[in-house]
Amino acid sequence: MQYIRIEMELLDASGQPLVTEWVYAKPELVPPGATAVFSFIRSLSEINGTYASYRITDISAIPSADNGQRAIVENPSQSELDIYVTLTGELKSVGRVPCLNPHVIAASYNAEGKLDNVTSHYLLSAVGFQGELAVGQSEEFEFVATKHDAAPAGAVKVWGGCEE
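The letter at position 66 of the sequence shown is residue 66 when you use our numbering, and the numbering goes up by one with no holes.
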């Protein structure tokens, strides 16, 4: 899935719609199987009426050109030192089209298991900036991420990403 489209109505105090708005979220930075909040910024001075609340009216997915997972992490490994985690492995292009701007995404969790930090690492060595991995091609990666200081060992999840 390339984007998620969230449509909402901004309501006045009596629950009447003032305006319908939408926002697009890029789910790539959300760990597989997890949920995330979204932010929406709107100048209320441009709305006729007084804003009081909102109501989600539609959530729809906009599929990627490939309609599926386009990059996977193989042979992942983690070594930890304090709050730093060195992540290594191979990013492999597995879609039906090349993986553009291939990158690895790491999510770290706190001691309660809540998402704490998300970082991306773009593969620059073999493919170059704004490069691509051909279908079936792999490239090794190594980068350092941080984790919550109270998080247990292995509290970092890693997955692959491509841009449309």
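Even glycine gets a Cβ: it sits at the ideal position worked out from N, Cα and C.
Beta-carbon spacing of residue i, residue j below 8 Å
i           : j          : result
residue 142 : residue 99 : no
Heavy atom of the ligand ADP within 7 Å of residue i beta-carbon
i           : result
residue 100 : Among the components modelled here there is no ligand, and therefore nothing to report on the ligand ADP.
Selected residue, minimal CA-CA separation from residue i, among the options
i           : options               : result
residue 162 : 117, 91, 44 and 38    : 91
residue 157 : 113, 135, 137 and 134 : 113
residue 106 : 97, 82 and 78         : 78
residue 48  : 18, 38 and 134        : 18
residue 12  : 26, 52 and 136        : 52
residue 134 : 82, 70 and 81         : 70
residue 166 : 40, 87 and 39         : Outside the shown range of the chain (1 to 164) lies residue 166, about which nothing can therefore be said.
residue 138 : 26, 119 and 76        : 76
residue 7   : 16, 58, 40 and 82     : 58
residue 119 : 97, 144, 111 and 110  : 144
Inter-residue Cα distance where the pair is residue i and residue j
i           : j           : result
residue 50  : residue 9   : 13 Å
residue 24  : residue 5   : 5 Å
residue 146 : residue 85  : 6 Å
residue 193 : residue 102 : With the chain running from 1 to 164 in the structure shown, residue 193 is simply not present.
residue 14  : residue 45  : 19 Å
residue 178 : residue 136 : Lying outside 1 to 164, the shown extent of the chain, residue 178 is not represented and no answer is given.
Whole-number beta carbon distance between residue j and residue i, since they are thought to touch under 8 Å
i          : j          : result
residue 62 : residue 94 : Contact doesn't hold; Cβ gap of about 21 Å is too wide.
residue 42 : residue 21 : 6 Å
Simplified DSSP state of residue i, which is helix, strand or coil
i           : result
residue 45  : helix
residue 95  : coil
residue 51  : coil
residue 78  : strand
residue 110 : coil
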